[in-house]
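Residue numbers (my numbering): 14 to 333.
Each residue gets a CB set at the ideal place from its N, CA and C atoms; glycine is no exception.
These numbers were taken from a predicted model, which means no experiment stands behind them.
Below is one structure, written out as structure tokens; comments come after it.
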């Protein structure tokens with residue numbers, strides 16, 4: 014009996030030793046996002062796939078993820094916990110999580126992703142030479158082209174309703190930039206603040222009768238409750254457009270934007286550069302490349318409009 018107990022203890026110790034040795038050989042990437050929704054989930058998938066395509070696998074890579082469920086306070090808690098777990102690198106998706114990670118980490122490299130305005134969010138002081146332990150990818154939107162698309166679909170567009178979270182810096186900077194471009198094109202922006210996901214339905218409903226169409230920016234609060242905006246579009250016969258193409262499958266009529274899985278792959282390239290020995294602060298902030306045109310003709314019909322042939326013919330994605 015004593016021998017059996019000793020043997021079990023020895024086996025257990027050997028197993029612990031092997032597990033510790035295996036962990037030491039792993040590269041540990043801790044990822045976090047302010048909330049979970051298809052666009053941000055696609056970014057995360059692209060990052061992991063980029064790593065898997067470049068020599069990493071389930072054995073040599075520890076890839077964790079935590080969502081802040083829309084709470085900046087939770088994002089800060091997650092960031093502090095991640096720093097304490099001493100990963101090789103932290104990937105923070107969306108502005109609030111990026112701000113929390115940068116604030117918490119003094120030495121661990123932080124790669125942010127899909128942050129529209131890294132300067133305005135005070136993540137870096139210089140996009141060409143970020144310095145410190147931070148760099149990342151900006152998804153600054155092609156706003157002029159987006160508004161041109163809306164005008165092509167709705168030639169008489171004069172007022173555009175924009176629901177957004179005034180507490181999210183990413184969203185605020187997007188709306189301010191949108192106002193400038195819209196003014197140049199003769200479009201008036203009507204703001205509809207929605208500080209929480211539960212506020213999105215009411216905010217969008219208030220736009221009925223005031224706006225010719227609704228535009229959903231890259232705003233995690235709005236996108237997480239997009240179905241509420243789409244319902245408003247159907248019930249109020251007010252067309253709903255989006256800044257991200259993933260939202261078209263969820264009911265927006267059209268979007269000229271980025272493929273967020275591709276943005277994840279582009280972020281993955283930055284992660285690989287740091288893992289291969291470059292200092293994060295020496296790598297210029299990358300601005301997202303490529304645009305896709307996604308359309309949803311059936312949803313357009315449900316909201317009372319028909320997409321012109323000039324749009325449908327050049328669409329890169331058609332939601333049936």
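1) Would residue 264 and residue 243 qualify as a contact pair, given that the criterion is a beta-carbon distance under 8 Å?
2) Which of the three DSSP states is assigned to residue 320 in this structure?
3) In this structure, how does DSSP classify residue 200 when only helix, strand and coil are distinguished?
4) Should residue 278 be labelled buried (16 or more other beta-carbon atoms within 10 Å of its own) or exposed?
5) Can you confirm whether the stretch 109-125 touches the stretch 139-151 when touching is taken to mean that 3 or more C-beta pairs between the two stretches lie within less than 8 Å?
6) Secondary structure at residue 326, three-state DSSP: helix, strand or coil?
7) Around the Cβ of residue 181, are there at least 16 other Cβ atoms within 10 angstroms (buried) or fewer (exposed)?
8) Residue 274 and residue 46: beta carbons closer than 8 Å?
9) Tell me whether the stretch 98-114 and the stretch 162-169 touch, counting them as touching only if at least three CB pairs, one residue from each stretch, are closer than 8 Å.
10) Assuming residue 175 is part of the beta strand (DSSP E), what are its boundary residues?
11) To the nearest whole angstrom, what separates the beta carbons of residue 123 and residue 114, a pair I think is in contact under 8 Å?
12) Going by DSSP, what residues sit across from residue 129 in a beta bridge?
13) Please report the Cβ distance between residue 96 and residue 126, rounded to the nearest whole angstrom; I am assuming they are in contact, meaning their Cβ atoms lie under 8 Å.
14) Classify residue 241: buried if its beta carbon has 16 or more other beta carbons within 10 angstroms, exposed otherwise.
15) Can you grab the Cα-Cα spacing for the pair residue 78 / residue 44, in whole Å?
16) Starting from residue 305, follow its DSSP beta bridges and name the residues at the other end.
17) Any C-beta of chain E sitting closer than 8 Å to the C-beta of residue 77?
18) Would you please state the rounded distance, in angstroms, between the beta carbons of residue 204 and residue 177? I believe it to be under 8 Å.
19) Buried or exposed for residue 224, please, with buried defined as at least 16 other CB atoms from any protein chain shown within 10 angstroms of its CB.
20) Rounded to whole angstroms, how far is the Cβ of residue 276 from the Cβ of residue 152, which I believe are closer than 8 Å?
21) For residue 246, collect the residues of the same chain with a Cβ closer than 7 Å to its Cβ; drop the 5 residues on either side in sequence, then sort them by chain order.
22) Since residue 79 sits in a beta bridge, which residues does DSSP pair it with?
23) According to DSSP, residue 206 sits in a beta bridge with which residue or residues?
24) Need the endpoints of the alpha helix (DSSP H) that residue 149 sits in, please.
25) Excluding five sequence neighbours on each side, which residues of the same chain lie with their C-beta closer than 7 Å to the C-beta of residue 208?
26) Using the three-state DSSP reduction, which class does residue 331 fall into: helix, strand or coil?
27) Identify the continuous alpha helix (DSSP H) that holds residue 314 and give its terminal residues.
28) In the structure shown, what three-state DSSP assignment does residue 103 receive?
29) Here's the rule I'm using: 16 or more other beta-carbon atoms within 10 Å means buried, otherwise exposed. How should residue 215 be labelled?
30) Could you have a look at residue 74 and say whether DSSP puts it in helix, strand or coil?
31) Which residues bound the alpha helix (DSSP H) around residue 227?
32) In the DSSP output, which residue or residues are listed as bridge partners for residue 299?
33) DSSP state of residue 121, grouped into three classes?
34) Thinking just about the alpha-carbon of each residue, which of 154, 68, 98 is nearest to the one in residue 303?
The relevant details are as follows:
1) yes
2) coil
3) coil
4) buried
5) In the pairwise beta carbon analysis, the stretch 139-151 is classified as touching the stretch 109-125: at least three pairs are separated by under 8 Å.
6) coil
7) With 16 or more other Cβ atoms within 10 Å, it is buried.
8) no
9) no
10) 172-177
11) 5 Å
12) Bridge pairing for residue 129: absent [DSSP].
13) About 18 Å separates the two Cβ atoms, so there is no contact after all.
14) buried
15) 5 Å
16) 270
17) Looking at the structure shown, chain E is missing, and only one protein chain is on hand.
18) About 7 Å separates the beta carbon of residue 204 from that of residue 177, a gap short enough to meet the 8 Å contact definition.
19) Per the 10 Å Cβ criterion, buried.
20) Right, their Cβ atoms sit about 6 Å apart.
21) 227, 252, 253, 316
22) 45
23) 177
24) It is not in any alpha helix (DSSP H) - residue 149 instead sits in the beta strand (DSSP E) that spans 147-151.
25) 178, 179, 180
26) Of the three classes helix, strand and coil, the one that applies to residue 331 here is strand, per DSSP.
27) Looking at the DSSP string, the run of the alpha helix (DSSP H) that includes residue 314 is 310-315.
28) strand
29) exposed
30) strand
31) Per DSSP, residue 227 belongs to no alpha helix (DSSP H); it is in the beta strand (DSSP E), 226-229.
32) 150
33) coil
34) 154
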